[in-house]
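Enquirer: The following block contains the structure, expressed as structure tokens.
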Amino acid sequence: MSALVTPATILPNRPSLTGRLSDFLWKHPHVLLAILLGPPVLWLGIIYLGSLFALLLQSFFSIDDFSGLINYEFTFATYMQLLSDANFDIIVRTVTMAAVVTIFSALIAFPIAYYAARYAKGKWKAVFYLGIMLPLWSSYLVKIYAWKLILAKEGILTWAFTKLHLLWLLDGWLSLPIIGGNSLSVSYTGTFLVFVYVWMPFMILPIQAALERVPGNLIEASSDLGGTPQQTFRHVLFPLALPGIVAGSIFTFSLTLGDYIIPQIVGSSRLFIGQAVYAQQGTAGNIPLAAAFTVVPIVIMGLYLWMAKRMGAFDAL
Amino acid sequence: MRSDRSASAPLGLKIAAIGGLAFLHIPILLIFLYAFTTEEKSYQFPPPGLTLQWFAVTWNRPDVWAALTLSVKVATIATAIALVLGTLCAAAVSQTRFFGRETISLLVILPIALPGIITGIALRSAFSFADIPFSFWTIVLGHATFCIVVVYNNAVARFRRVSGSLIEASMDLGADGFQTFRHIILPNIGTALLAGGMLAFALSFDEVIVTTFTGGQQSTLPIWMLEELIRPRQRPVTNVVAMVVMLVTFLPILAAYYLTRDGDQIAGAGK
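In the order they appear, the protein sequences are chains A and B. Each residue of the first sequence is one higher than the one before, starting from 1 at the first, in the working numbering. Each residue of the second sequence is one higher than the one before, starting from 318 at the first, in the working numbering.
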């Protein structure tokens, strides 16, 4: 080791073992890099990517209709099954829900993020930060459970509508086709509300991060130049916040695409992608079809991430 | 230097922001109320009466304790693994430049960027592929994988603020790499690691989707809760557990906040 050292070094070599090792790493940064990167990359590469790859591989197999065993021959037949009416409906339903949830999350999140970024000072800044972080990090199942309490027929929403003499409004809404149902807890409306509630905090933080980087005097300049608040929002604030919104939408969109617990607990019996995957791999034992179903969100998210990257969304994370 | 910033927000914005925050918090408060209700069979609102008896009932339920113990064990080990791997990765990405840095960040984010069900089913099929029986360790394996990103994010953010000149100064003064790590880097990133670790713990403690696929017969607290949600047996017990879970996850989050709050005032960061 020390033979490699040129005599031009200012300090003498360190005699101790750790010192020698330290010197060696300093002179060979690639070795240091390999030591640092090795464990995490091996872990993620083998356990995560390996599993993911094995799963994708299975989507090219098919299941024998008679024996129920997996036929290990390369085929696109399983993917063709995705295009059957019932399965395609599931995909369309899930993607539509994810898109609507994302839009509404952005609408609710923006004012919170904007207020927190620009107007909240001192103590209020902390209140807003914790007010966003606590719901974001608190238990996912407990949050769903809370909504089961709220949306139940005997729950607080029905009570509130009755007290306000607006029960006809609720009943009218529930009698609507598609979005209605017997009660809110078994309707798409209920599923939608829970999705928005559970994923919306993921939208606030990136938007806030993006807005915090907008200098206040930029907004003032826009007003000085005669821009109305609406114009300032449209031409200055919104374009600058867009990378944050896109970054947040990665979470809301992706999380909605893959969730199977929320529609199972609050929702109608019509399946979402996550539930289809769960049913196919569990009771139906059709791993190839389950794998093919998981490819759908992967492909959609791949395209989404690629677009998001082009819009500079990763800088807002 | 700068023109006055208008101090108060437009009324509409204020209402929208506070309304949004209320939307986030009222459901959580309701959980607390329901833990005390005397109504056993339904989710009736307002509760017909208030009682403390469900706390005693829950305390004496062995299945709740078993699930809680398992959750804590899994979360502790998964957090420890994630702390080591996440910090190593963050150090590599922030302190050195190499080909494929962006790919590494993507690789770390991927387990939470892709829906949990994909991670879950991928791990499950890999375990059955490799003939690994489901056990405590398969749960840990899954949890550690998606906890890495939380530690990584916290550590990377802090590493960026630890100024390079501080490390160079330490080296110039004769410290070797280990001494620099021990006396300069670690004190600077320590609180960020603690915060990341706490968030990783909260994440693992709460995880349900990946666990359903990697858990086999054992149930962690979220799995127990999910079963209660699908087939309710004793609703008030679920209410109490939900409230306790809420309070328990609040603590690490609050702690993580106070630990990273003063991050801007790190020595040397101002140059």
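For glycine and all other residues, C-beta sits at the position ideal for the given N, C-alpha and C.
Suppose only complete runs of 4+ residues qualify. What are the alpha helix (DSSP H) ranges in the stretch 397-441 of chain B, listed by chain order?
Expert: Entirely contained in the stretch 397-441 of chain B, the alpha helix (DSSP H) runs reaching 4 residues are, in chain order, 418-430.
Enquirer: By how many angstroms is the C-alpha of V467/B removed from the C-alpha of L205/A?
Expert: As a position in the first sequence, residue 205/A is number 205, starting the count at 1. As a position in the second sequence, residue 467/B is number 150, starting the count at 1. Roughly 15 angstroms between the two C-alpha positions.
Enquirer: Look at the alpha carbon of A106/A and the alpha carbon of L82/A, and state the distance between them as a whole number of angstroms.
Expert: Numbered from 1 along the first sequence, position 106 holds the residue referred to as residue 106/A. Numbered from 1 along the first sequence, position 82 holds the residue referred to as residue 82/A. Rounded to the nearest angstrom, the two C-alpha atoms are 31 angstroms apart.
Enquirer: G190/A to L55/A, Cα distance in whole Å?
Expert: In the first sequence, counting from the first residue as 1, residue 190/A sits at position 190. In the first sequence, counting from the first residue as 1, residue 55/A sits at position 55. Cα to Cα, the separation comes out at about 32 angstroms.
Enquirer: Which residues in chain B have a C-beta closer than 8 angstroms to the C-beta of G131/A? List them in chain order.
Expert: Here residue 131/A corresponds to residue number 131 of the first sequence, with the count starting at 1. Near G131/A (Cβ distances below 8 angstroms), the residues of chain B are L338, L341, H342.
Enquirer: If we define contact as Cβ-Cβ less than 8 angstroms, is E154/A a contact residue for chain D?
Expert: No chain D is present in this structure, whose protein chains are A and B.
Enquirer: Name, going along the chain, the residues of the stretch 91-103 of chain A whose beta-carbon falls closer than 8 angstroms to a beta-carbon of chain B.
Expert: For the stretch 91-103 of chain A, which is checked against every Cβ of chain B, not one residue is closer than 8 angstroms.
Enquirer: Less than 8 angstroms between C-beta atoms, sequence neighbours within five positions excluded: which residues of the same chain meet that for V299/A?
Expert: Numbered from 1 along the first sequence, position 299 holds the residue referred to as residue 299/A. Answer for V299/A: no residue qualifies.
Enquirer: List, in chain order, every chain B residue whose beta-carbon is nearer than 9 angstroms to that of S138/A.
Expert: Against the first sequence, residue 138/A aligns to sequence position 138. In chain order: I345, A519, D523, V562, M563, T566, F567, I570.
Enquirer: Under the rule that 16 or more other beta-carbon atoms within 10 Å means buried, what is M515/B, buried or exposed?
Expert: For the purposes of this step, residue 515/B is taken as the residue at position 198 of the second sequence. So M515/B ends up on the buried side.
Enquirer: Determine, using beta carbons only, whether I526/B comes closer than 8 angstroms to chain A.
Expert: Taking the second sequence and counting its residues from 1, the one referred to as residue 526/B is at position 209. Yes, because at least one Cβ of chain A sits closer than 8 angstroms to the Cβ of I526/B.
Enquirer: Which one or two residues does DSSP pair with N71/A in a beta bridge?
Expert: In the first sequence, the residue the question calls residue 71/A occupies position 71. The partner list for N71/A (beta bridge, DSSP) reads S62/A.
Enquirer: Taking 8 angstroms as the threshold (C-beta atoms), are T355/B and P365/B in contact?
Expert: Here residue 365/B corresponds to residue number 48 of the second sequence, with the count starting at 1. Here residue 355/B corresponds to residue number 38 of the second sequence, with the count starting at 1. Cβ distance < 8 angstroms, so P365/B and T355/B count as in contact.
Enquirer: Note down, in chain order, each residue of its chain lying with its Cβ closer than 7 angstroms to the Cβ of I90/A, except the 5 sequence neighbours on either side.
Expert: Stepping through the first sequence from its first residue, residue 90/A is reached at position 90. Result list for I90/A: L271, F272, I273, A276, in chain order.
Enquirer: Kindly indicate if chain B contains any beta-carbon less than 8 angstroms away from that of T18/A.
Expert: Counting from 1 along the first sequence, the entry for residue 18/A is found at position 18. T18/A counts as touching chain B.
Enquirer: Measuring CB to CB, does P344/B end up less than 8 angstroms from A284/A?
Expert: As a first step, residue 344/B is located in the second sequence; it is residue number 27 there, counting from the start. As a first step, residue 284/A is located in the first sequence; it is residue number 284 there, counting from the start. No; because the gap between Cβ atoms is not below 8 angstroms, this pair is not in contact.
Enquirer: Taking a cut of 7 angstroms between CB atoms, which residues from the stretch 50-76 of chain A lie near chain B?
Expert: Residues passing the 7 angstroms Cβ filter: G50, S51, L52, A54, L55, Q58.
Enquirer: Would you identify the three-state DSSP class for T602/B, choosing helix, strand or coil?
Expert: This structure cannot speak to residue 602/B, because chain B is shown only from 318 to 588.
Enquirer: Just to make sure I have the definition right: I need the residues of chain B whose C-beta is within less than 9 angstroms of the C-beta of P297/A. Which are they?
Expert: Taking the first residue of the first sequence as 1, we reach residue 297/A at position 297. Result: L431, P432, I434, I435.
Enquirer: Are the CB atoms of T158/A and L170/A nearer to each other than 8 angstroms?
Expert: Residue 158/A sits at position 158 when you count from the first residue of the first sequence. Residue 170/A sits at position 170 when you count from the first residue of the first sequence. The answer is yes: Cβ separation under 8 angstroms.
Enquirer: Only counting the same chain, and skipping five residues up and downstream in sequence, which positions put a Cβ closer than 6 angstroms to that of Y143/A?
Expert: Taking the first residue of the first sequence as position 1, residue 143/A is located at position 143. A small correction: the amino acid at residue 143/A is Lys; Tyr does not occupy that position in the sequence shown. Within the same chain, K143/A has close Cβ partners V198.
Enquirer: If you draw a straight line from the C-alpha of I132/A to the C-alpha of S67/A, how long is it?
Expert: Walking along the first sequence from the start, residue 132/A turns up at place 132. Walking along the first sequence from the start, residue 67/A turns up at place 67. Computed Cα separation, rounded: 52 angstroms.
Enquirer: Do you know offhand how far N286/A's Cα is from E524/B's?
Expert: For this step, residue 286/A is matched to residue 286 along the first sequence. For this step, residue 524/B is matched to residue 207 along the second sequence. When rounded, the distance between both Cα atoms is 25 angstroms.
Enquirer: Using beta carbons (cut-off 8 angstroms, strictly below), is D493/B in contact with chain A?
Expert: For this step, residue 493/B is matched to residue 176 along the second sequence. So yes, D493/B belongs to the interface.
Enquirer: Can you grab the Cα-Cα spacing for the pair V186/A / A152/A, in whole Å?
Expert: To locate residue 186/A, count along the first sequence from 1; it is residue 186. To locate residue 152/A, count along the first sequence from 1; it is residue 152. Their Cα atoms are separated by approximately 9 angstroms.
Enquirer: Per DSSP, L367/B forms a beta bridge with which residues?
Expert: Reading the second sequence from its first residue, position 50 is the one you call residue 367/B. Answer is T354/B.
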